[in-house]
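Peer 1:
Protein chains: 2
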Amino acid sequence: MARTAGSHSDITGPKVADAALRLFARHGYAAVSMRQIAAEVGVQAGALYNYTPDKQSLLFDLMRGHMDELIAASDAQGSTGAPRDRLEAFVRFHILFHLARPDAVFISYMELRNLTPENFTVIEGLRRSYEDRLETILKAGTDAGVFAVADTKITTLAIIAMLTGVTTWYRASGRLSSEGVAELYWDMVRRAVNA
Amino acid sequence: MARTAGSHSDITGPKVADAALRLFARHGYAAVSMRQIAAEVGVQAGALYNYTPDKQSLLFDLMRGHMDELIAASDAQGSTGAPRDRLEAFVRFHILFHLARPDAVFISYMELRNLTPENFTVIEGLRRSYEDRLETILKAGTDAGVFAVADTKITTLAIIAMLTGVTTWYRASGRLSSEGVAELYWDMVRRAVNA
DNA sequence: GTCTATAAGTAGATAGAC
DNA sequence: GTCTATCTACTTATAGAC
């Protein structure tokens, strides 16, 4: 199916999302103008509106896409074994997934304030759904007596905050591999929850 | 010493900083205008420039003030006993200090991108100085054989990320007191590092 | 699908009256 | 010290030519 001359929607579309992701992560949503995004893509500002109805949708689509991908990948790798094995799989998955997408992670944690109330509700729901997967593991292990966790909800939030924190300091060029980092964090989590 | 009629610098100055702190925390530095801050204070936009040379200084002064206060308070409470006692004191201090200043904490972690390079360097130095206090404790405990920590630098960052995370979900109206939260987190940290 | 041009509004910061 | 008024530049988003 030949396309109209000058039509580049299948190329420009992803480039717009990529440019927005990179610029939002670097400078923050509010500090980035549509003109900056357009310049990064290599088009004029008006052309962006062929790919997004407005700037807000650009942010929301990036965040929803990231959360959908996170949940789908988490469920795809989900071990069904003992709580301790499921926890280990969760910790390693969370770190590797987040280290591979530093920009999307940064945006998803930093730009919640810049979502409209309706969009915020959607993203919050997805985030909570992801957290529930970890809490379910902690509850199962506590019920089985292999974990000693005083408060599964707070332990869930504490572990996720600790794990996600890797994205603030990790550099691929540093002395540790992603797997090495995951190993260190799994050791800490394991000891913190073991009965 | 009578002041000139209409002079309110000793009242307006702190109100400007308070308004900027609250608005920056709520909406983000880039999304807040000088006119919004002025409206919150109850003056016109031009009057703000009696208290700050520009918007950037407003942000930097808030962040530097927060970091200075954090370091001073940390040193003031610093236990000099055994590593385990010093770690417990650090954990409890960090949580109570941060839960008492949610807006300043939020700004200091979220608005680093909006600092000029020179200002960023200053804040980063203060942050690292604070982190060093925790790493020193972990090293002392590891050398003494009471902690088993594979990598003191990464463990330092992991613990701080976990502890600071409380500010994202804690509500004073919730079921837990600040002290109760500190207790739960200290339990996790203790088990994660104990030999 | 992309361009140029533009509408309509807001930004940070300053000048000068009071 | 605060006000009003203003400068210059930039903002998101749209209209219409090609």
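Chains A and B, in that order, give the protein sequences. Per our numbering, the very first residue in the first sequence carries number 304; after that it's consecutive. Per our numbering, the very first residue in the second sequence carries number 304; after that it's consecutive. Every residue gets a Cβ at the ideal spot worked out from N, C-alpha and C, and that includes glycine.
1. Distance check for S336(B) and L390(A), CA to CA, integer angstroms please.
2. Quick one: what's got a C-beta closer than 6 angstroms to A305(A)'s C-beta in the same chain, skipping five residues either side?
3. Run down chain A in chain order and give the residues with a C-beta less than 9 angstroms from the C-beta of A334(B).
4. So is L429(A) in contact with chain B if we call contact Cβ pairs under 8 angstroms?
5. Would you kindly work out how many angstroms separate the C-alpha atoms of V408(A) and M465(B), rounded to a whole number?
6. Where DSSP assigns a beta bridge to F450(B), which residues make up the other side?
7. Within 8 angstroms, do at least three Cβ pairs link the segment 479-495 of chain A to the segment 433-440 of chain A?
8. Within 8 angstroms (strictly less), CB to CB, does Y433(B) reach chain A?
9. Which residues in the same chain as T445(B) place their Cβ atom closer than 7 angstroms to its Cβ, once the five residues preceding and following it in sequence are excluded?
10. Quick one, which residues of the segment 460-472 of chain B are near chain A if we go by CB-CB under 9 angstroms, in chain order?
11. At 9 angstroms on the CB atoms, spell out the chain B contacts of L373(A), in chain order.
12. Between which residues of its own chain and T307(A) is the CB-CB distance below 6 angstroms, once the five residues before and five after are set aside?
13. Which residues in the same chain as G381(A) place their Cβ atom closer than 6 angstroms to its Cβ, once the five residues preceding and following it in sequence are excluded?
14. From the beta carbon of I457(B), is the nearest beta carbon of chain A less than 8 angstroms away?
15. Taking contact to mean at least 3 C-beta pairs separated by less than 8 angstroms, is the segment 369-385 of chain B in contact with the segment 341-357 of chain B?
16. Please confirm if R494(B) has its CB atom under 8 angstroms from at least one CB of chain A.
17. Using the Cα positions of F400(A) and E414(B), report the straight-line distance between them to the nearest angstrom.
18. With H, G and I counted as helix, E and B as strand and the rest as coil, what does DSSP make of Y354(A)?
19. Whole angstroms is fine: what's the gap from L361(B)'s alpha carbon to N497(B)'s?
20. To the nearest angstrom, report how far apart V319(B) and R387(A) are at their CA atoms.
21. Flag this pair as yes or no: are the beta carbons of V344(A) and A328(A) separated by less than 8 angstroms?
22. Residues of chain A with CB under 9 angstroms from L487(B), in chain order?
23. Below 8 angstroms, how does it come out for the segment 468-475 of chain B and the segment 418-433 of chain B: are there three or more Cβ pairs, yes or no?
24. Can you tell me which of the three DSSP states Y412(B) falls into?
25. Check whether the Cβ of D357(B) lies closer than 8 angstroms to any Cβ atom in chain A.
26. I'd like the list of long-range same chain contacts for H330(A), defined as Cβ closer than 7 angstroms, with 5 residues on each side in sequence excluded.
27. Is DSSP giving Q347(A) helix, strand or coil here?
28. Is H369(B) helix, strand or coil by DSSP?
29. Taking D490(B) as the query, report the chain A residues whose CB atoms sit under 7 angstroms from its CB, ordered along the chain.
30. M504(A) CB to nearest chain B CB: under 8 angstroms?
Peer 2: From the atom records:
1. 45 angstroms
2. Reliability of the predicted coordinates at A305(A) is poor, the pLDDT of 39 falling under 50, and no value is obtained from them.
3. G331, Y332, A333, A334, R416, N417
4. no
5. 17 angstroms
6. N497(B)
7. no
8. no
9. V452, T455
10. L460, A461, I462, I463, A464, M465, L466, T467, G468, V469, T471, W472
11. Those within 9 angstroms of L373(A) in chain B number zero; the least Cβ separation is about 17 angstroms.
12. Note on T307(A): pLDDT 44, under 50, position unreliable in the model; the coordinate value appears next. Correct list: empty, nothing qualifies.
13. none
14. yes
15. no
16. yes
17. 25 angstroms
18. coil
19. 43 angstroms
20. 52 angstroms
21. no
22. A453, D454, I457, T458, A461
23. no
24. helix
25. no
26. none
27. coil
28. helix
29. A453
30. With chain A covering only 304 through 498, there is no way to say anything about residue 504(A).
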